[in-house]
Each structure stands twice: as C-alpha cells, then as structure tokens.
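Participant: Starting off with a structure, shown below.
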Amino acid sequence: MFKENFIKLCNARGVSPTTVCRIIGLSNAAFSKWEDDSVPRRATLMKFADYFGVSVDYLLNGNSKPEEPTPTLIPIENQNVHMIPLFETVSAGFGTLAIDEVIDYIPLYFTSATEAAETICIKVRGDSMYPKIEDGDIIQVHKQDSVDSDTLAVVLLDGEDGLVKRVVYGETWLELHSINPMYKTMRFNGPDVNRVKILGAVKLIMKKP
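Here you go:
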C-alpha cells in the first residue's frame with residue numbers, strides 16, 4: 000500500500016521516486032529496496048509526508064485526503080530542501096585540479112541551514128574507490144578540515160590534486176587508502192603529513208543512473 004501511494008504522489012507532482020528519495024537525503028537505491036509489503040522507517044515516512052503535504056496515515060493506508068499536489072517541486076524557501084552546488088573533477092584515482100566551476104545544483108533535504116551551507120556535491124572521476132564509488136557517481140561532502148581515522152574523505156594533495164580516499168592516521172603518519180586493490184596505499188610520515196589537507200568528509204554516495 001505504501002509503495003502504491005508513494006508512486007501516485009510522485010506521478011501527481013511530476014517527479015520520479017528516485018528524485019524524491021534524493022531530495023530528502025536517501026540514496027538512489029532506497030526506493031528499489033522497498034517491497035510491496037514493506038515500509039520505510041518512521042523518520043523517513045515523516046520526511047515524505049512533509050514533502051508531499053500529506054499525513055503519514057495517508058502514505059501507509061490511503062486514509063485521509065491528501066493536499067492537492069502541485070505539478071512542480073514545492074518552493075525551496077518554504078521547505079528544508081536546499082540547492083547544493085555540484086562540482087566536477089575531484090579525482091578518485093588520477094589527480095586533477097580540485098577547484099572547478101559549479102556544473103549543476105542538486106536539491107537535498109537538510110533540517111539545518113548551516114549544515115546545508117557547509118555541504119557540496121562532487122562528481123567522482125576514476126576507479127580507485129571501486130566498487131564503493133564508481134566513475135560518475137556523485138558524493139555529498141560536508142566541508143571540514145579534519146576527520147576521524149578510517150573515514151572516507153576528500154583531500155587535497157600538494158595543494159593541487161583533489162582525491163577521494165579513506166584517511167587513516169596515527170600520531171606521526173597518515174595514509175590514503177583506495178578500495179580498488181589495483182591502487183597502492185599512499186603513506187606520509189613526519190613533516191610529509193602536511194602535504195595532505197582534509198577538505199571534507201563523504202556523507203552520502205549517489206550512484207549514477
């Protein structure tokens with residue numbers, strides 16, 4: 000019942016289910032995981048209800064009349080949906096310039112305007128993080144200058160090359176790990192640790208269509 004009601008609301012608003020999932024902060028694969036007799040968690044249901052302007056009860060059972068949906072997305076300024084800039088070229092295998100022009104904007108759901116302002120999206124190029132991150136995938140990144148050890152992060156190497164790597168470090172060393180075994184771990188000791196600058200932590204991976 001939920002999936003049927005959800006699809007009806009998406010069709011009425013003129014958006015795809017995967018687009019709505021992305022707007023409220025879910026991965027593109029979330030929709031495909033829901034079977035006809037299963038439902039999302041309560042917190043997710045509340046986000047959907049807020050987005051469509053209906054009650055949770057309507058989403059689950061079709062009870063209570065939904066508000067008349069508009070043919071386009073609800074106004075950004077009235078909702079917790081923020082247009083996040085998408086950058087192209089931060090390499091996940093072959094270093095390229097880390098700073099590039101904004102190529103698009105992606106609508107994402109945030110309850111905090113501050114968090115939204117500290118977030119960017121990047122289209123990944125390369126296969127060093129395969130299979131977790133593939134060439135063409137989009138990552139949601141929270142801008143910050145430090146991360147916990149063993150965190151997936153965007154880093155700047157030697158002030159030029161932007162990379163997506165798993166950052167592992169100790170008191171006097173730092174390593175940049177790839178997931179693809181074809182790529183060697185990059186290790187920095189002592190003063191060389193300063194060659195690596197943390198740009199942000201990867202919060203979400205949006206798989207390419």
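In case it helps, numbering that gives the first Met the number 0 puts the sequence shown at residues 0 to 208. Built from N, CA and C at the ideal position, the CB exists for glycine as well. Owing to the predicted nature of the structure, the values given are computational and were not obtained by experimental measurement.
Counting Cβ pairs closer than 8 Å, one from the segment 122-130 and one from the segment 164-178, do we hit at least three?
Facilitator: yes
Participant: With C-beta atoms as the reference, is Ile83 less than 9 Å away from Asp144?
Facilitator: no
Participant: Can you check which of these residues, Glu133, Leu151, Asp160, His141, is closest to Thr118 by C-alpha distance?
Facilitator: His141
Participant: Between Tyr50 and the ligand GTP, is there a pair consisting of the residue's CB and a ligand heavy atom that are separated by less than 8 Å?
Facilitator: For the ligand GTP, the structure offers nothing, since it holds no ligand at all.
Participant: So, helix, strand or coil for Lys196, using DSSP?
Facilitator: strand
Participant: Can you tell me whether DSSP reads Tyr108 as helix, strand or coil?
Facilitator: Strand.
Participant: Measuring only the C-alpha atoms, how far is Ala200 from Pro16?
Facilitator: Going from the Cα of Ala200 to the Cα of Pro16 covers about 27 Å.
Participant: For Val38, which of Asn60, Val80, Tyr168 has the nearest alpha-carbon?
Facilitator: Of the candidates Asn60, Val80, Tyr168, Asn60 places its Cα closest to the Cα of Val38.
Participant: Could you round the C-beta distance between Ala115 and His81 to whole angstroms and report it? I think they count as a contact, below 8 Å.
Facilitator: 4 Å
Participant: When DSSP labels each residue in this structure, what does Lys212 get in the three-state scheme?
Facilitator: This structure gives no information on residue 212, because the portion of the chain shown stretches from 0 to 208.
Participant: Assign Lys46 to one of two classes, buried (16 or more other C-beta atoms within 10 Å of its C-beta) or exposed (fewer than that).
Facilitator: buried
Participant: Suppose contacts are defined by Cβ-Cβ distances below 9 Å. Is Ile204 in contact with Asp136 by that definition?
Facilitator: Against a cut-off of 9 Å, the Cβ pair of Asp136 and Ile204 comes out as a contact.
Participant: Go through its chain and collect everything with a Cβ distance to Arg186's Cβ below 6 Å, but skip five positions before and after it.
Facilitator: Glu174
Participant: Measuring alpha carbon to alpha carbon, tell me which of Leu25, Phe86, Leu85, Ala11 ends up nearest Val53.
Facilitator: Ala11
Participant: In chain order, which continuous runs of the beta strand (DSSP E) of length 3 or greater are located wholly inside the segment 127-165?
Facilitator: 137-142, 150-156
Participant: Who are the near neighbours of Val192 in its chain, counting only those whose CB is closer than 6 Å to its CB and skipping five residues on each side?
Facilitator: Leu173
Participant: Can you give the beta carbon distance from Gly24 to Leu107, rounded, assuming they're within the 8 Å contact cut?
Facilitator: 6 Å
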